[in-house]
Amino acid sequence: MEKMEASAAKRVLGVTELLEFILLELPIQNIFQAQRVCKQWKEVIANSSPLQQAMWLIPRDPSSPPAIYEDEEVTITTWRGRVYDPPQVHRLITAKHLNPFLEPHSSDTEDSPGWMRYQVFHPRARDISTVRLIANRRLDFTMPNIGVAASGADADHRATWEDMQVASPPCTRIEVCYGPVMAFDVRDETGVRLGRLVTELAMLQSHSEAWYPK
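Residue numbers for the sequence shown, in the numbering used here: 954 to 1167.
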């Protein structure tokens, strides 16, 4: 009897490992949608650290500092050919550290979508205190169409895109700017989530005259 139980447990473990392996090969949207297949799949996804990391729900293992956000940008203030301020070095967050669904789409079709840059302030070994998103044109943010629970269906505690971290390692503050003006900031000591950022962007875009001065 004990041997049969051990064999059954081994088979279940094998199925779980195989399911995790298969799901990790899928696009993020498909992993979110797989939670709807059955209770077992939802539990496997919820209890798998690799899957939770792939879905940007928990932080990935951080890179070794100081190369955690590899890019730098140097700006120099000049007037009539003379340098008035010492060069300023800005650390920039690279795409692999930013949520792949944080991609605004421009209403101007000739421009490629995206932010002008992702600027990092005060990086620390395991997180960053601030990421500044600087927009270079009018943007219409499109919410990711993944893992959205139907109305009244939130009792199953299924993870959605709104739970995704904005950056990995997590950032505790997001500043959104248009040119030199900071439009708003979002703070969360556990890491800013995509749903919160999208909500704030939607509110800002509803007041487009302030966001996009003519």
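Glycine included, C-beta positions come from ideal geometry on N, C-alpha and C.
{"Query": "Using CA coordinates, which residue listed in L1150, H1050 and Q1005 is at the minimum distance from S1121?", "Result": "H1050"}
{"Query": "Residues in the same chain with beta-carbon distance under 6 Å from S1001, minus the five sequence neighbours each way, listed in chain order, please.", "Result": "E973"}
{"Query": "When the Cα atoms are used, what is the spatial distance from Q988 to L1010?", "Result": "14 Å"}
{"Query": "If contacts are defined as beta-carbon pairs under 8 Å, then E1115 and G1148 qualify, I think. What distance do you get, rounded to the angstrom?", "Result": "3 Å"}
{"Query": "Please classify E970: does DSSP put it in a helix, a strand, or coil?", "Result": "helix"}
{"Query": "Can you pull the DSSP bridge partners for Q988?", "Result": "Bridge partners of Q988: none, in fact."}
{"Query": "Reducing DSSP to helix, strand and coil, say where E978 ends up.", "Result": "coil"}
{"Query": "Determine, for L1010, whether the minimum Cβ-Cβ distance to residues of chain C falls below 8 Å.", "Result": "Note that chain C does not occur in the displayed structure, where there is just one protein chain."}
{"Query": "Return helix, strand or coil for A1223, following the three-state DSSP convention.", "Result": "What is shown of the chain runs 954 to 1167, which leaves residue 1223 out entirely."}
{"Query": "Is I1011 helix, strand or coil by DSSP?", "Result": "coil"}
{"Query": "For L1004, name the three-state secondary structure that DSSP assigns.", "Result": "helix"}
{"Query": "I981 and P1053: beta carbons closer than 8 Å?", "Result": "yes"}
{"Query": "Quick one: what's Q1118 bridged to in DSSP?", "Result": "R1146"}
{"Query": "If distances are taken between C-alpha atoms only, which option among E978, V990, V1151 and V1129 comes closest to L1004?", "Result": "E978"}
{"Query": "Can the beta-carbon of D1138 be found closer than 8 Å to that of E1128?", "Result": "yes"}
{"Query": "CB-CB under 7 Å to L1150, same chain, minus the five flanking residues each way: which ones, in chain order?", "Result": "V1119, I1127 and V1139"}
{"Query": "Leaving out five residues on either side along the sequence, give the residues of the same chain with a beta carbon under 6 Å from the beta carbon of I998.", "Result": "Q988 and L1004"}
{"Query": "Alpha carbon to alpha carbon, what distance is there between M1008 and L1086?", "Result": "22 Å"}
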